[in-house]
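Residue numbers (our numbering): 7 to 233.
Note that beta-carbon positions come from the ideal geometry of N, C-alpha and C, so glycine has one too.
Since the structure comes first, as structure tokens, the remarks are kept for the end.
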């Protein structure tokens, strides 16, 4: 039986963040066209990849003449954080058949991870809720990419700050969940690491990877030291 309440709640929770995702997707669509991607290629990349960070990095690397191997390597490293996301979210999918878990895994992203973990902590396993949120974000990303690609060279996403829409919204969404000492310590470590790397190497696509891998370990070590 379909859990209509979970679907309704998922749509309500996802809508505000989907607006930011739309702005981010619009930015990607515009930048992809400016990097000589076709509208079809831009949209299909969003359909099959569904990762803003990877897609933006890939477009930049293609524009700079990077090899396919280096692009694939960068994409893999940038998505390593999804291993941690998946391991955490798996607790909320324990009653789901394996064949459906593969589809749910495709919907794992920064946004769905935050909403999903908050829901699981509050109400326990909720695969229908997560699927609703993930699908909402997925469709928003694809539609926004299409619009951005159709606009093409007519808009400069950086001029209007569209590239900042998602990071700012995501930070605002994540902040209320930072209640425990371990979470706060890890967040502070991530802030220090990311800021330092950005100062040393502005715009480096590996900043997210390094921060995502190092910050949790640094947080654990500092918390143990505090005990």
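- In the DSSP assignment, residue 47 falls within the unbroken alpha helix (DSSP H) covering 45 to 54.
- When the beta-carbon positions are compared, residue 39 and residue 150 stay at least 8 Å from each other.
- Judged by their CB atoms, residue 156 and residue 19 are not nearer to each other than the 8 Å cut-off.
- Distance from the CA atom of residue 132 to the CA atom of residue 142, rounded to whole angstroms, is 16 Å.
- Each residue's CA atom was taken as its position, placing residue 91 and residue 112 some 12 Å apart.
- Rounded to the nearest whole angstrom, the CA to CA distance from residue 134 to residue 62 is 30 Å.
- Between residue 136 and residue 118, the gap from beta carbon to beta carbon is short of 8 Å.
- A distance below 8 Å separates the beta carbons of residue 148 and residue 49.
- Annotation: the continuous alpha helix (DSSP H) that includes residue 12 extends over 10 to 40.
- A straight-line Cα-Cα distance of about 10 Å links residue 94 and residue 88.
- The straight-line gap separating the alpha-carbon atoms of residue 123 and residue 66 is approximately 32 Å.
- Within the model, the alpha-carbon separation for residue 22 versus residue 190 is close to 24 Å.
- DSSP places residue 110 inside the alpha helix (DSSP H), whose first and last residues are 104 to 112.
- The DSSP-derived three-state label of residue 87 is helix.
- Around residue 146, the same chain offers 24, 27 and 28 as residues with beta carbons nearer than 6 Å, after the five sequence neighbours per side are excluded.
- Leaving aside the five residues that flank residue 69 on each side, the residues in its chain whose CB is nearer than 7 Å to its CB run, in chain order, 41.
- One Cα belongs to residue 208, the other to residue 102, and the distance between them is close to 42 Å.
- Excluding its 5 nearest sequence neighbours in each direction, residue 224 has C-beta neighbours in its own chain below 6 Å: 195, listed in chain order.
- For residue 222, the three-state secondary structure derived from DSSP is helix.
- The beta carbon of residue 153 sits closer than 7 Å to those of 32 and 35, all from its chain and outside the five residues before and after it, given in chain order.
- For the pair residue 56 and residue 76, the Cα-to-Cα distance works out to about 19 Å.
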